[in-house]
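A.B. asks: Residue numbers (our numbering): 9 to 145.
1) Taking a contact to mean a Cβ-Cβ separation below 8 Å, would you say residue 45 touches residue 21 in this structure?
2) Is it buried or exposed for residue 63, if we count other Cβ within 10 angstroms and need 16 for buried?
3) Alpha carbon to alpha carbon, how far is residue 26 from residue 53? Give it in angstroms, no decimals.
4) In terms of residue numbering, what span does the beta strand (DSSP E) encompassing residue 125 cover?
5) Mind listing, in chain order, the continuous beta strand (DSSP E) runs of no fewer than 3 residues lying wholly within the segment 30-104?
6) Could you check whether the segment 47-61 touches the segment 74-87, counting it as contact only if at least three pairs of C-beta atoms, one from each stretch, sit closer than 8 Å?
7) With 16 other CB atoms within 10 Å as the buried threshold, where does residue 59 fall?
8) Give the secondary structure of residue 109 by DSSP, where H, G and I count as helix, E and B as strand, and everything else as coil.
9) In the DSSP output, which residue or residues are listed as bridge partners for residue 132?
10) Here's a check: name, in chain order, each residue in its chain whose Cβ is nearer than 8 Å to the Cβ of residue 74, leaving out the five neighbours to either side.
11) Out of 49, 66, 118, 28, which has the shortest C-alpha to C-alpha gap to residue 90?
Set out below in structure tokens:
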């Protein structure tokens, strides 16, 4: 449902809670209530459905004979659609080096694209949404 791009996380929550009537696990003194929005988001972000899990930042794969609900690429797409801060995001800019470069410390390094101009008056401004200097107008 989320992979089509037609439904937001809130739409999926509304479907899960009100149409499918998903509830929390019934326990002795609690449970049995409708699932919360945070629980639905946790389910959507969980990498276990893609066949991987992380322990202290190390990636482990599940056994290959276990079926996968989604692929890892589809999981990354869901993370991007939900706006997860850790999801890799790609943008199209004309830069010298495309993509990410690994540093000697195994960190990803990308181009820092600045869309700024400096006017003759010394004012620096973004030229994405304006063509003239705001100070000189």
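Yeah, the Cβ is synthetic: ideal placement off N, Cα and C, and Gly gets one too.
These numbers were taken from a predicted model, which means no experiment stands behind them.
C.D. replies: So, from the listed chains and residues:
1) yes
2) exposed
3) 21 Å
4) 124-126
5) 60-63, 66-69
6) yes
7) buried
8) strand
9) 126
10) 59
11) 49
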